[in-house]
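Numbered per this note's numbering, the sequence shown finishes at 597, counting up by one with no gaps.
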Amino acid sequence: MGEPISLSFNDRYFYKQNGLAESSYVFIKGNNLKERWKKLTKDESFTIGELGFGCGLNFLNTLKKWKALQKEAKLNFVSIERFPLTALDLEKSLINYPDLKNEIKTLLKVYPPLSRGFHRINFEQENISLTLIFEDVHRGLSDLTKSDVTFDAWFLDGFSPKENPEMWSSQVLKNISSLSHNQTSLSSFSASSMIKKSLEENNFEIRLTKGYKNKRHMIRANNKSSATKPEFNRKKIAVIGAGISGACLANSLAKRGHAVTVFEKDNTGIDIPCFVGNPNLSHANTPYARFLLASFLFFSSHYSKQCPNSWNETGVIVLKNEEKNYCKLNEICKKLNDNEIVSKVDSTILKSFDLNNSGIDGLYFPKTGYLNTQSAINELLELNNISLIQEEVIKINNSDKDQKELISNKTKYYFDEVCLCNSFGANDLINLNGVNKKRGQITEVKKPKRIIKLPICGRGYISPYTDTSLVIGSSYSNDGLEQPRDEDDQENTEKIKAMLNLDLEKIKSYVSFRSTTKDHLPLLGYKEGLIINIGHGSKGSVSAPLCAEIISDVIDNNPLPIDKTLYEALNPNRFNY
Ligand SMILES: Cc1cc2nc3c(=O)[nH]c(=O)nc-3n(C[C@H](O)[C@H](O)[C@H](O)COP(=O)(O)OP(=O)(O)OC[C@H]3O[C@@H](n4cnc5c(N)ncnc54)[C@H](O)[C@@H]3O)c2cc1C
Ligand SMILES: C[S@@+](CC[C@H](N)C(=O)[O-])C[C@H]1O[C@@H](n2cnc3c(N)ncnc32)[C@H](O)[C@@H]1O
C-alpha cells in the first residue's frame, strides 16, 4: 500500500519512500518557490500550473509549504488531470505521508466529483485557489483563457515521456509557453533529450541540474517570453445593485483587497425573503449545462464560508412525480456517480428529516439548502473595505479608459472599474440587448403540522423560512403588476397541495421580477469598458457566487474557474450581434 502505480502507463505516481522529498526537490526547489514567494506583496497572486494532478502529492506539499510562510498573498494552483482518482483512492495512496495529514484531510473534504471540466475550490484560510481541470492535457491547456493569464511556474509531472509521450508533446509545451511570461519557471523530474529539444523550440532556456538522489539529471527552465507579469493593482471598484449578484461580487472583490463601493437605490435591495438552491442541472455537455453544474458545485461552500449565519445547508429533495425534471436529474445523478452530491431518497434520509410515511420519493442533493436573503446580503457586505451607499446611479461616463465617472442622484464619483449588477436596471445605463423581465410571486404560509426541515421541489417548491412560517413558490408571468395577486397565491398553494397533500394558510405575499435571457445564461464580462453581471433568471442564489469569482479573476488577471468556451458563451455582447 502507498505506492500507487498506473497499469495503463506502466509507471508510478511517486515512490513510496521518498515521494514527498522528491516533490520538494524537483518542484518546490526546482522552481525556487520559497524565495519567490517571500517577495510577494499583500494580495499579489502567484500562479502554478501542473500537468498531472494524480494523487495530489505536489499540491499538498505546495499547500503545506505555502501555509508555513503565512503570506497574505494569493496562490493559484491549476492542475490538469485526464484520469482523476476517486477520493478514496487518493486517501489510500497518500497513506505513507502522515506529515501531510492535515492537508490531506482539508483536500478530501472538498475534493470534487470526477465530472469532466473545471472545478474551482477555494481554501479560504490558506489563501489558495485550486482549479482542477479534469480533461486531457491538450484540451485542458486550450480551455484556459489566454488573454491575461500568466503562469509563474510549471510542474511537468505526467508519467515518463517514454510511456506517455502525449503529455510532453511539442504542442503541449507550445501552449505552456504561450501562457508564460519572462519570469516563468518550469521544472520536471525527466531530462529526456526529446523534452529538452521541445522546450528549447518553444522559447524555454534550459538549465540541466542534478536529479533527485541517484537520478542523474532533471530539468529546470525559464521562459524567454517578452511578456511581463501583469502587476497587481488594488482598485477602486463600484458595484451597482445590492441584490445577491452585487453582494457576492462586492464580497469577492473586497476579499482580494480592492476598495468596493456598492450603490443601492432601494432601502432594502431584496424583495424575496428566502432563496432555495434548487438543483437545476443537465447532463449534456453544452455551455449552459456546464454553467449549471459549475455554479451548483461552487455556491454552497461559498455561502458556508462567506455568510454562514444566513445559509442553511439542509439539502434539497426533488420529487419524482415531476417526471421531466426528475429524468433529467436522474441522468446527471448517473454521470456524477457521487453520493456526496446526489443520491436517491431512501428511508434513512426520510427518517433524518422526520418524513417517514410521507410517501416522498425522489432525489436528495445534500450540498444545497436555503438562504435567508436580506441577512445574507448584510453578511456579505460586512467587510471593512466595502461601503454601501444608498443612492441611485443615473449615468456612467466611461470615455476615459482609466477612470469611470459615476453620477448618482446625489453626486459624482470616480472609479477604476464599474460593475453593473442591477438586473434589468442596467438597461438604463448601457444599451443591452436580450434581457427580459418576468414577474413572480411567492407566498409565506403558516407552518403546518407536518414538519418541513428542508426545501422540497417539484412543480412548485416549499422551503423552511422562519420559526413560525414557510415559503412556497413561485408564479411566473410576463405582466408588470407590482402588487400581489390572490390567484398567484392560490396557484402556489395548489401546487404544494398536489405535491405533498398539505393545506396551507397564507400570511403574506411577495412580488419580484426576474431578469432572464433567451439562452438562460447570464450576461457576464466587459461591455464598453463596464463589467456586466446580470440576467440570473430564476436561480440567482446559485449562479451569483461563481459569477463573482469569474469577474474577480478577470479583474485580477487570474486563471478563470470556467473554460474559455463557457466564458465566451456568457459574453454580454452576444445579443448585440
Ligand atoms: C418570485 C421569485 C422567486 C424566486 N425564487 C428564487 C429562489 O428560490 N432561488 C433563487 O436562486 N432565485 C430565485 N429567484 C430569482 C432571484 O430573485 C434572482 O435570480 C436574483 O434576485 C438576481 O439577483 P440580482 O442581484 O442579479 O438582481 P436583483 O435582486 O434584482 O438586484 C438588483 C438590485 O439593483 C438595484 N438597482 C437597480 N438599478 C439601480 C441603480 N441604477 N442604482 C442603484 N441600484 C440599482 C435594485 O434596487 C436591486 O436591489 C426568484 C425570483 C422571483 C421573482
Ligand atoms: C506521475 S502522475 C502525477 C503525480 C501527481 N503530480 C502527484 O503529485 O501525485 C501523472 C499523472 O498524469 C496523468 N495523465 C496521464 N496522461 C494524461 C493526459 N493525456 N492528460 C492529462 N493527464 C494525464 C495521469 O493520470 C497521472 O495522474
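In this text, a Cβ means the ideal position worked out from N, Cα and C, and glycines have one as well.
Keep in mind that this is a model prediction, so the values were computed, not measured.
Within the stretch 94-135, the runs of beta strand (DSSP E) at least 3 residues long that lie entirely inside it are, in chain order, 94-100.
By the C-beta criterion, the stretch 66-79 is judged to be in contact with the stretch 96-113, since at least 3 inter-stretch pairs fall below 8 Å. The residues E412, in chain order, have a CB closer than 6 Å to that of K285 in the same chain once the five nearest residues on each side in sequence are set aside. Under the Cβ criterion (8 Å, minimum of three pairs), the stretch 524-540 counts as touching the stretch 508-516. Taking the Cβ of L164 as the reference point, every heavy atom of ligand 2 lies at 7 Å or farther away. A distance of 8 Å or more separates the beta carbons of S320 and V130. Rounded to the nearest angstrom, the Cβ distance from Y308 to H540 is 6 Å, consistent with a contact under 8 Å. Apart from the 5 residues on each side of it in sequence, E221 has no Cβ closer than 6 Å to any other Cβ in its chain. For V46, the closest C-alpha among the options S483, E23, K233 and L120 is that of K233. Sequence-distant partners of D374 (beyond 5 residues in either direction) whose C-beta falls short of 7 Å from its own C-beta, in its chain, are I471 and K473. Of all alpha-carbon atoms in L550, I337 and L312, the one lying nearest the alpha-carbon of D420 is that of L550.
Under the three-state reduction of DSSP output, P484 falls in the strand class. Annotated three-state conformation of E225 is strand, per DSSP.
R136 has its CB no nearer than 7 Å to any heavy atom of ligand 2. For C477, the number of other beta carbons within 10 angstroms of its own is at least 16, and it is reported as buried. By the C-beta criterion, the stretch 330-349 is judged to be in contact with the stretch 378-397, since at least 3 inter-stretch pairs fall below 8 Å.
With contacts defined by Cβ atoms closer than 8 Å, N404 and I414 do not form a contacting pair.
The beta carbon of H237 sits closer than 8 Å to the beta carbons of A211, L228, T229, K230 and G231 from its chain, once the five residues preceding and following it are set aside; these are given in chain order.
Between D436 and S65, the C-beta spacing is not below 8 Å.
The beta carbon of A267 lies closer than 6 Å to those of I397, L400 and L401 in the same chain, with the five residues before and after it left out.
The Cβ-Cβ distance between S483 and G460 does not fall below 8 Å.
With respect to the 8 Å criterion, N453 and N596 are classified as neighbours on the basis of their beta carbons. At least one heavy atom of ligand 2 sits closer than 7 Å to the Cβ of V157. If only uninterrupted alpha helix (DSSP H) runs of at least 4 residues are considered, none is enclosed by the stretch 416-442. Taking the Cα of K467 as reference, the smallest distance to any Cα among N451, V362 and V491 is reached at V491. DSSP, reduced to helix, strand and coil, places H540 outside both helices and strands of the structure shown, so it counts as coil.
For the options K424, L520, D499 and K432, the alpha carbon positioned closest to that of K469 is the one of L520. Secondary structure note for T463: its beta strand (DSSP E) is the uninterrupted segment V455 to K466. Cβ neighbours of D508 within its own chain (closer than 6 Å, five residues either side excluded): Q461 and S495. Under the 10 Å beta carbon count, P328 is surrounded by fewer than 16 other beta carbons and is classified as exposed. Here the alpha carbon of N195 sits roughly 7 Å from the alpha carbon of S162.
The continuous beta strand (DSSP E) containing M238 extends over residues H237 to N243. In this structure, N195 has its beta carbon at no less than 7 Å from each heavy atom of ligand 2. Of the candidates F209, S245 and K182, S245 places its Cα closest to the Cα of L199. Comparing C-alpha distances from L127 to each of A93, L77, G480 and R594 shows the shortest one belongs to L77. Boundaries of the beta strand (DSSP E) around F66: S65 to L71.
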